[in-house]
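Be aware that the sequence shown starts at 1, since it is given in this note's numbering, and climbs by one per residue. Every residue gets a Cβ at the ideal spot worked out from N, C-alpha and C, and that includes glycine. The model shown is predicted, which means the values in this text are computed figures rather than measured ones. Scroll down for the structure; my scribbles are underneath it.
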Amino acid sequence: MSLHTLKGRSVSMTIPTVLVVDDSPTVRKIVQMTLQREHIRVITASDALSALTAVADEMPALILLDIQLPRMDGYNICQIIRKHMQFRSIPIIMLSGKDGLFDKMRGRLAGSTEYLTKPFDSVELVQTVKKYLVNWEERVPPQQERVRPRLRRRG
């Protein structure tokens with residue numbers, strides 16, 4: 001949620017925020033540029049810690065999550081997010097270069113909503129993201145009501 005000033009008055013302008021988690025700067029930039037052309041606010045993270053911090057701080061409307069990440073893979077990040085009630089309704093779209101049935105099932109078991117195989121084209125990306133951004137405002141509480149929860153890995 002962003003706040004703009006119009007003739008001395010504060011005007012709340014809501015646009016959805018998508019968190020893109022990928023260790024490739026190229027993938028992050030391409031996805032960011034593609035979604036920003038669709039008037040979608042994009043924040044990015046390159047690893048698990050940055051991703052979990054962004055989820056807690058920003059409460060994104062949707063998460064695009066790469067599976068192959070350093071130190072902690074996307075499956076584990078997805079499971080951690082899903083363990084917290086306030087984040088369970090956030091759609092998580094797994095991104096992977098693997099197209100196997102096993103990988104897709106593992107993503108579903110971890111709690112992902114959808115699975116996109118790399119390389120994907122911009123039309124497929126936008127269609128998938130927009131499909132899950134329908135009624136996104138109903139899933140995200142107003143910023144002032146948010147309390148930053150602690151996200152930690154439970155052993």
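Within the segment 34-97, the complete beta strand (DSSP E) segments of 3 residues or longer fall at 41-45, 62-66 and 92-96, listed in chain order. Per DSSP, the continuous beta strand (DSSP E) segment holding T117 begins and ends at E114 to T117. With distances taken between CA atoms, A61 lies nearest to S89 out of S46, S89 and E38. Counting C-beta pairs closer than 8 Å gives fewer than three between the segment 74-94 and the segment 29-46, which falls short of the contact rule. Per the coordinates, the alpha-carbon of R71 lies some 31 Å from the alpha-carbon of Q127. Judged by DSSP secondary structure, T17 falls within the beta strand (DSSP E) whose first and last residues are T17 to V21.
Assigned with DSSP and collapsed to three states, S122 falls in helix. With fewer than three CB-CB distances shorter than 8 Å, the segment 45-58 does not count as touching the segment 109-117. Counting other Cβ atoms within 10 Å of its Cβ, G107 reaches 16 or more and is therefore classed as buried.
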